[in-house]
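Enquirer: Structure provided below as structure tokens; questions to follow.
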Amino acid sequence: MMKKLTYLLLCLVMGIGITNAQTSSVTGTVTSAEDGEPVIGATVQVKGTNTGTITDSDGKFSIVASTGATLVISYLGMETAELPARNNMKVVLNTASQLLDAVVVVGYGSEKKVGTVVGSVAVVDKAVIENKPTANVFDALQGKVAGMQVFTSSGEPSQVSTIKIRGVGSLEASTAPLYIMDGAPVTSSAVMAMNASDFESISVLKDASATSIYGARAANGVIVITTKKGVRGKDIKPTITLRGQYTSSSMANTEFFDSLMSTSELLAFWRKSGLQSEATADRIESTYGHNNTNWRKYYYKDSAPTYETSLSISGGNERLNYFTSVGLFSSEGLAARSKYDRYTVRANMSGRLTDWLTFGMNLGGGFDESESSPYGTNSTNRGIAVLAQPFYTPYDENGEEYYGLIPGWNRYSTTYLTDKNPYDNNRITLNGNAFLELNPIENLKIRTQLATDVYDRRVTQKRLPSYAGAPNNGYIQEDFYRATTFTFTNTAEYKWKINSLHNFSVLGGHEWIGYYYSRFYGYGEGLQDDRLTLLSHTTAAQEVSSTKTEYAYLSFFGRAEYNYNNRYFLDFSLRNDQTSRFPKDNRSGMFWSVGAMWKMKEEAFMDGVDFLSHLDIKGSYGTQGISDIGDNYAYYSLLGTSYENYYANASFNADYMKSSGWAISKVGNPYMGWEKQALFTVAVDAGLFDERLKVEVEFYNKNNSDVLVAVPYPYTSGVSEVMKNTAKLNNKGIEVSIDADVVKTSDFNFSPYFRIGYNKQEITQLFPEATNDGQYWYMPNYGVYWSVGNPVSFAYPIWAGVNSETGQPQWYLAGEDPTVPTKDPNRVSTSMSDATIQNTGKKYYAPVQGSIGFNVGYKGLSLQADFTYQLGKYLINNDKYFFENPQSFNGFNQSRVVNDFWQQPGDQTRFPSTQYQFTQFDSRLIEDASFMRLKNLTLAYDLPKSLLNKTGIIRGARIYGVARNLFTITNYTGPDPEVDNNLTLGVNPNTKQFSIGVELTF
Amino acid sequence: MKKIILITLTAAAVSLGFNSCDLDRFPYSEIELSQGMQTVSDVRKLTDGSYSILRAGTYGRHMMTQDIQSDIFHATLSYGNRYGLPYSWDNFNSTDYDLEAQWEFAYLLITNVNNIIANHETVTLENESEENLMAQYLGEAYMMRAIAYSRLIERFAKDYEPASAASDPGVPVLLEFDIDNKPPRSSVQEVYDQIFADIAAAKAQFAKVDWDKATATALAGGSNMRFTPDAATAFEARMYLYTHQWDKAITAAESVISSSKYPLTTTEEDFVALWVDDQGTEIIMHLYGDEVKEGMNTNGNYTSYSNSEKTYMPDYLPEQWVVDLYGDGDHRKAAYLLNADVQIEAAVYTDLYVFNKYPRTTRFSASGDTRHYPMLFRSAELYLIVAEAAVHNSNAAGLKRLNELRVARGLEEISALSLDAVKEERTKELMGEGVRLSDLKRWNMPLSRGAAQKDDAVIPGNKDKQVAAGADKFVWAIPSIDIQLNPNLKNAQNPGW
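Residue numbers (my numbering), protein chains in the order written: chain U, 1 to 1002; chain V, 10001 to 10497.
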């Protein structure tokens, strides 16, 4: 088959080609330097002509060329070879490892090789995000980039991760980085709606030189995602990839659930503590004593499956390249009615219409549906359902689940509840862009691109009229959301060289972003029949409401780069942003950066230093902004048809005598403006022992000023708080990345790696009205202290143990300065008054994160292990308040630790005497949630090419198994330490997964 | 050539992008403040919004807190620590929300009204009818501001004493809409001066209003639910009494009484209807409310009727002396006190009286609740104002009006006017309307809780509380948030808190 094609081609070529001088057929074989295997489909061209061919399934080729002509042999992923034509030539192509993984797109403009980028950019290879068993692509990035913290806060299959880069420099504004896909901004949930197999690479931009060009939205870092595009070239065979994967999920960590008591333990505790009478304990023992239900197994399935399959086709010819894919992802979670299904489709293509005109279009569409339980984290029907007593059982005498009220527990069975109270969510996402690129003269590229990111989401919540808890009174709420973002970008880039030593490049651009959001919902009650549950069937309490919000950005930017002989690099960027989010006078912000790099190894004096293969020293300084403050109209003072009162947090309708009334609903700040950030980075990037060891060390110092704070106002002003730019924060840190190829032969490799990032946060200024002349401020609802000179810290009364003489609980009294934790055993109080609230010294944000892992490979077999860790993380374990508090939750199951309570003078115990509440909102709830997880363990086998060649069709076959969150090491006693929040309660805990999959390439 | 065409096309596309330059975005769900006063109709909406804030600051904790702190009630065993802090006096502190709420809502009202008063001139008035309406709304705005300041000065400052009013600290006075204005406390005299100035301004505006037309167009639904010149005068009379201006108090009160528009009820039935149905000739002004969007605070803690047990489970029971105050023929006994089955914890008593001035009604809810239109001004108070002022300036009208009130309530006349007689009648009439603590302050009397109707039913703590006249906590603390955040109030807290 291959031979026929080759023959045909030869004929064609001979017909077209102009022959001069002596020509003859030149034959040869092309093999790969890495494994010695023949390279199939490598392009062989006679340089300077249109004559070309490709190698067959044995790597052989035959081409007509005049002696002495140069043949150019190339293959994707390998270094191109140029050799004089000789008969029976043996061509060996080297793997272009540098070439393959070192291309990155930074801030508008064309792709660059990583080694020539002055900015701090971490490229994550697609192998990291491929084939992972969750829909959430960001989970796989955890620990992979030094300085980037990734949290997946629950095990719900539709959960999206949250990301923080280089510490938190803001108090009220968003801490999320800017996500860019194919040159246009998107939201993280739009990324989640796509198939991760469509992504070519993810780059994380961390420092000023790389991020300042994104200006006002770049302060939290930038994550650039590029989708696969296909390859352009002569006679590229289309590549078809088919993948199927099956995953089984189970709970990652059951220690918390295993700490709850059994029937005999609970009854014994009641008898010992007297919290329930002997009579009650006896009665329960005789009626229900034979049951010992493990409620975790009832509320959470032991395992849940996920199916995934995707098909992609990519290819191209000299003028056009394309990539299309279809994907299906269907997963279930462990809790009742927890499902997430996603269908994706993508079509990317670009084509070179003429020498000077290229066009392209990248379209990704997705439809996802999810189901979940309507009951929240603090509900005994879901979040804290394991409070259920172990002597009640949800199964009847026949072992069947009760479909209705569970006797004793007096709550409806979870299947019944979720059947009768469905909560469904579906969403259509469209992410697309189209661009046109002009090359009117050499080295000048003008590009215009229009991108859109649209989603349309519908949420339906119902209570069926057959639900016994509210018979014949069902309700339905339908929510419709639509959000559209348009981005229009125009850039012009010009590169030129002087003397082939001085390389210049300048870029100028303009961008406009418009965002439109609307939401509409209808609600009604009084549904009477399960078969008629539309809004039109409601008969009472009908309500309609709607919201609409918009914002826009207009920006102009430019960048200039210079390098001398690829040794000294200098770049400079400038951007002006204006946004509708701030008032006219403060709307415009100017952001700039300057960066420099010295490739020290290129210097003459470094010639003798053989153990170093590259040594780059770089630094940058620049400014960025934060404008994502949540409220698009924050600076306006507004009148509305309702107003709020401060403490009761209630909203009052302003009508009078059935006539519409208006009241001041918010007082804004006409001087509100950008939060500003100045980031200084210096880095050393070294390759040793012929790139066998790569080390990168970066140090950064980030200063945030004009940080927005909701400044509180006295009641006399009629307003409770106003957002003002008054605070300042500082974050400094160090990031280290080490990658090594300890062993690297043609058959075997062992490559460990290590990443660590350490960040130190400090608040350097608050607002003048803060306590003690602007020194500190307490946020009671969050249990947090803001104080100058310290990072954001948890503030709760500090537990001082149980008084062994009296059995009373004790808390330390705060010292003169409540921002300094004081633990004076002579100054304790037995009641949790205001005087005991103080800074616990525990940081709100974890300072250290990273990963450690390795890749081991032998021939076609490879094993990748990734351990990720976060240290110094604290979390308010709100679950403890429910499970270690038998007085407040008398009659419910508790954790067995409550058995350790004070009974007589002299006892040293964990809990006070039973007449006091065992657990209150104090420092005991703030637990160390540092953890290390085996995030990923992948074993893959690539079938050898020699085997595949025999099929003639299959070019690549890979069988793999992946385990995620295989085990977790943590001291945290709650269900899940990974939650990214100050407190956690009743979370649907993270899961561990095992999956197997097959990927075939045709 | 092709290149030039395409470059031009691209440049055109690019310049299209440049035109998307308008970066002003206005919210859709609310109106930008400076755009909010363009027509008279806008002013109407702002005034109505202010009425709803006035309503939210009346009844409920805005009235019960001070009555529970006084000597009218005992806390029952089932009071659940509701209003426990003010009841105890000693534990009442400056962060108690029951205290802060009255300060907060008064200033919320003041802020909104200041916006109307300060910025109304931006409205262009097209014709006479609009001028009419504008004058009415402005008058209402001034009245609401005056009432807000009167509530503040009554709770958070000492009683008005002519000798010291100019130096006694009052409350911060704000007249412009400027949130960064953090003024110090004005003196008691200055605050009352501002109240009188606002009343005068209101009356000046009301003088311009053609009230017949107003009744038809602007006052749909009840002319005694919006401010009228009579309401202004009634309020003025109260203010004159509090500031010891006896002659003016009598003149003002008399002018409303003698208009005969608000005659006292004559039968017990009619008097009870005032409280049960919120209807009657005595009402000079009360505020509208309903069950859906315009909720009212209720004084339900005095009754707490249980539909399932069919008993009353009040948090607070009137003390024995309150019950004894009313003779059997007194119409007020039937309206204010109810002898019914009272259940405290497990025990049911049949011989106790609950305070039933705000009784259960099914007008707003099928299962019944204690919602009522909050009462602002009624004519009985004017009769008492005349009597009390007359004690000081020996005006004959005093005894006359006092006797008219007594007779209207089913009692005998008395022969001579005395302060004690006035005090007794006022206490009887205005019981549970939130004035007891202020009256004790004004009459410089101590607080003395008396015997309980049933000892077993009330909590022992603070049952016999005795507080000397003029004690610190008769005057409430300025909320601690304001002390912390207003540098001009830094050391200005009332003593004893």
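C-beta atoms are modelled at their ideal positions from N, C-alpha and C, and glycine is treated no differently.
For the putative contact between residue 147 of chain U and residue 206 of chain U, defined by C-beta atoms under 8 Å, what is the C-beta separation to the nearest angstrom?
Expert: In the first sequence, the residue the question calls residue 147 of chain U occupies position 147. In the first sequence, the residue the question calls residue 206 of chain U occupies position 206. Right, the Cβ-Cβ distance comes to about 6 Å (below 8 Å), so this counts as a contact.
Enquirer: Starting from the C-beta of residue 815 of chain U, find all residues in its chain whose C-beta is less than 6 Å away, skip the five residues before and the five after it, and write them out in chain order.
Expert: On the first sequence, residue 815 of chain U is found 815 positions in, with the first residue counted as 1. If we look at residue 815 of chain U and ignore the five residues flanking it on each side, its Cβ neighbours are 822.
Enquirer: Is there a Cβ from chain U that is less than 7 Å from the Cβ of residue 10052 of chain V?
Expert: To locate residue 10052 of chain V, count along the second sequence from 1; it is residue 52. Judged by the 7 Å Cβ criterion, residue 10052 of chain V is in contact with chain U.
Enquirer: Do residue 589 of chain U and residue 625 of chain U have their C-beta atoms closer together than 7 Å?
Expert: Here residue 589 of chain U refers to the residue found at position 589 of the first sequence. Here residue 625 of chain U refers to the residue found at position 625 of the first sequence. The answer is yes: Cβ separation under 7 Å.
Enquirer: Contact defined as beta carbons within less than 8 Å: I believe residue 637 of chain U pairs with residue 668 of chain U. What is the distance between those atoms, to the nearest angstrom?
Expert: Here residue 637 of chain U corresponds to residue number 637 of the first sequence, with the count starting at 1. Here residue 668 of chain U corresponds to residue number 668 of the first sequence, with the count starting at 1. Indeed, because the Cβ distance is near 5 Å, the residues count as touching under 8 Å.
Enquirer: Below 9 Å on C-beta distance, what does residue 10169 of chain V contact in chain U?
Expert: What you label residue 10169 of chain V is simply residue 169 of the second sequence in a count that begins at 1. Chain U residues near residue 10169 of chain V: none, gap ~14 Å exceeds 9 Å.
Enquirer: Is the region 521-528 of chain U touching the region 469-480 of chain U in the sense that three or more CB pairs, one from each, lie closer than 8 Å?
Expert: Verdict: yes, contact present.
Enquirer: Identify whether residue 928 of chain U lies in helix, strand or coil by the three-state DSSP scheme.
Expert: Counted from its first residue, the first sequence places residue 928 of chain U at position 928. Note: residue 928 of chain U maps to strand in three-state DSSP.
Enquirer: Can you name, in chain order, every residue of its own chain whose Cβ lies under 6 Å from the Cβ of residue 10502 of chain V, other than the five neighbours on each side?
Expert: An answer regarding residue 10502 of chain V cannot be provided, because it is not within the stretch 10001 to 10497 covered by chain V.
Enquirer: Could you work out which residue in V:10427, V:10277, V:10362 and V:10314 is closest to residue 10326 of chain V when comparing CA atoms only?
Expert: Here residue 10326 of chain V corresponds to residue number 326 of the second sequence, with the count starting at 1. Nearest option by C-alpha distance: V:10427.
Enquirer: Does the beta carbon of residue 548 of chain U come closer than 7 Å to any beta carbon on chain V?
Expert: Along the first sequence, one-based indexing puts residue 548 of chain U at 548. Interface residue, yes.
Enquirer: I'd like to know if residue 786 of chain U contacts chain V, where contact means its C-beta is closer than 7 Å to some C-beta of that chain.
Expert: Here residue 786 of chain U is taken as the residue at index 786 of the first sequence, counted from 1. Taking Cβ atoms only, chain V never reaches closer than 7 Å to residue 786 of chain U, which makes this a no.
Enquirer: Using a Cβ-Cβ cut-off of less than 7 Å, give me the residues of the region 10434-10452 of chain V that come near chain U, in sequence order.
Expert: Hits within the stretch: zero.
Enquirer: According to DSSP, simplified to helix, strand and coil, what is residue 10218 of chain V?
Expert: Taking the second sequence and counting its residues from 1, one reaches residue 10218 of chain V at position 218. With a pLDDT of 48 at residue 10218 of chain V, under the threshold of 50, the modelled position of that residue is not reliable, and no figure is offered here.
Enquirer: Could you give the first and the last residue of the continuous beta strand (DSSP E) run that contains residue 797 of chain U?
Expert: The residue given as residue 797 of chain U occupies position 797 in the first sequence. Unbroken beta strand (DSSP E) run through residue 797 of chain U: 793-797.
Enquirer: Among the candidates U:679, U:521 and U:178, whose CA atom is the shortest distance from the CA of residue 701 of chain U?
Expert: As a first step, residue 701 of chain U is located in the first sequence; it is residue number 701 there, counting from the start. Answer by Cα proximity: U:679.
Enquirer: Counting only beta-carbon atoms, is residue 652 of chain U nearer than 7 Å to chain V?
Expert: As a first step, residue 652 of chain U must be located in the first sequence, where it is residue number 652. Judged by the 7 Å Cβ criterion, residue 652 of chain U is in contact with chain V.
Enquirer: For a contact meaning CB atoms closer than 8 Å, what does residue 444 of chain U contact in chain V?
Expert: By 1-based counting over the first sequence, the position of residue 444 of chain U is 444. Correct list: empty, because the minimum Cβ distance to chain V is about 10 Å.
Enquirer: Please return the same chain residues whose Cβ sits closer than 6 Å to the Cβ of residue 10475 of chain V, not counting the five positions on each side in sequence.
Expert: What you label residue 10475 of chain V is simply residue 475 of the second sequence in a count that begins at 1. Same-chain partners within the cutoff: 10158 and 10494.
Enquirer: According to DSSP, is residue 290 of chain U helix, strand or coil?
Expert: For the purposes of this step, residue 290 of chain U is taken as residue 290 along the first sequence, with counting starting at 1. Coil, per DSSP.
Enquirer: Whole angstroms are fine: how far does the CA of residue 594 of chain U sit from the CA of residue 307 of chain U?
Expert: Taking the first sequence and counting its residues from 1, one reaches residue 307 of chain U at position 307. Taking the first sequence and counting its residues from 1, one reaches residue 594 of chain U at position 594. Near 48 Å, if we compare the C-alpha coordinates of residue 594 of chain U and residue 307 of chain U.
Enquirer: Pick helix, strand or coil for residue 10111 of chain V, following the three-state DSSP scheme.
Expert: Here residue 10111 of chain V corresponds to residue number 111 of the second sequence, with the count starting at 1. Three-state result, residue 10111 of chain V: helix.
Enquirer: Do the region 892-908 of chain U and the region 261-275 of chain U meet, that is, are 3 or more Cβ pairs less than 8 Å apart?
Expert: Flag = yes, the region 892-908 of chain U and the region 261-275 of chain U touch.
Enquirer: Output yes or no for whether 7 Å exceeds the beta carbon distance between residue 923 of chain U and residue 836 of chain U.
Expert: Taking the first residue of the first sequence as 1, we reach residue 923 of chain U at position 923. Taking the first residue of the first sequence as 1, we reach residue 836 of chain U at position 836. No. Outside cutoff.
Enquirer: Since I believe residue 10023 of chain V is in contact with residue 216 of chain U (beta carbons under 8 Å), could you give me their beta-carbon distance rounded to a whole number of angstroms?
Expert: Within the first sequence, residue 216 of chain U is the residue found at index 216, counting from 1. Within the second sequence, residue 10023 of chain V is the residue found at index 23, counting from 1. Wrong, their Cβ atoms sit about 13 Å apart, outside the cutoff.
Enquirer: Going by C-alpha distance, which of U:55, U:60, U:53 and U:43 is nearest residue 73 of chain U?
Expert: The residue given as residue 73 of chain U occupies position 73 in the first sequence. Comparing Cα-Cα distances from residue 73 of chain U to each of U:55, U:60, U:53 and U:43, the minimum goes to U:43.
Enquirer: Is it the case that the Cβ atoms of residue 10401 of chain V and residue 10383 of chain V are separated by a distance below 7 Å?
Expert: On the second sequence, residue 10401 of chain V is found 401 positions in, with the first residue counted as 1. On the second sequence, residue 10383 of chain V is found 383 positions in, with the first residue counted as 1. Contact flag set, yes.
Enquirer: Please list, in chain order, the chain V residues whose beta carbon lies closer than 9 Å to that of residue 538 of chain U.
Expert: Counting from one through the first sequence, the residue named residue 538 of chain U turns up at place 538. Near residue 538 of chain U there are no residues of chain V at all, since even the closest Cβ is about 17 Å away, more than 9 Å.
Enquirer: Can you give me the start and stop residues for the beta strand (DSSP E) that residue 10378 of chain V sits inside?
Expert: Looking up residue 10378 of chain V in the second sequence gives position 378. 10375-10378 is the span of the beta strand (DSSP E), which, as asked, contains residue 10378 of chain V.
Enquirer: Does the beta carbon of residue 10266 of chain V come closer than 7 Å to any beta carbon on chain U?
Expert: Here residue 10266 of chain V corresponds to residue number 266 of the second sequence, with the count starting at 1. It does not: the Cβ of residue 10266 of chain V has no partner Cβ on chain U nearer than 7 Å.
Enquirer: Beta-carbon within less than 6 Å of residue 856 of chain U's beta-carbon, same chain only, minus the 5 sequence neighbours each way: which residues are those?
Expert: One-based indexing of the first sequence puts residue 856 of chain U at position 856. Answer for residue 856 of chain U: 750 and 863, listed in chain order.
Enquirer: Who are the neighbours of residue 662 of chain U on chain V, taking C-beta pairs under 8 Å?
Expert: Position 662 of the first sequence, counted from the first residue, corresponds to residue 662 of chain U. Within 8 Å Cβ-Cβ: 10031, 10036, 10042, 10045, 10046, 10048 and 10049.
Enquirer: Determine the chain V residues that contact residue 576 of chain U at a beta-carbon separation under 7 Å, and present them in chain order.
Expert: In the first sequence, the residue the question calls residue 576 of chain U occupies position 576. None at all; the shortest Cβ gap to chain V is about 13 Å.
Enquirer: Specify the secondary structure class of residue 242 of chain U as computed by DSSP and reduced to three states.
Expert: Position 242 of the first sequence, counted from the start, is the residue given in the question as residue 242 of chain U. Here residue 242 of chain U sits in strand by DSSP.
Enquirer: Within this structure, are the beta carbons of residue 1074 of chain U and residue 179 of chain U separated by less than 7 Å?
Expert: Residue 1074 of chain U falls outside the range modelled here, since chain U spans only 1 to 1002, and no answer is possible.
Enquirer: List the residues of chain U whose Cβ lies closer than 8 Å to the Cβ of residue 10142 of chain V, in chain order.
Expert: Along the second sequence, read from residue 1 onward, the residue named residue 10142 of chain V stands at position 142. Result: empty, since nearest Cβ-Cβ is about 17 Å, beyond 8 Å.
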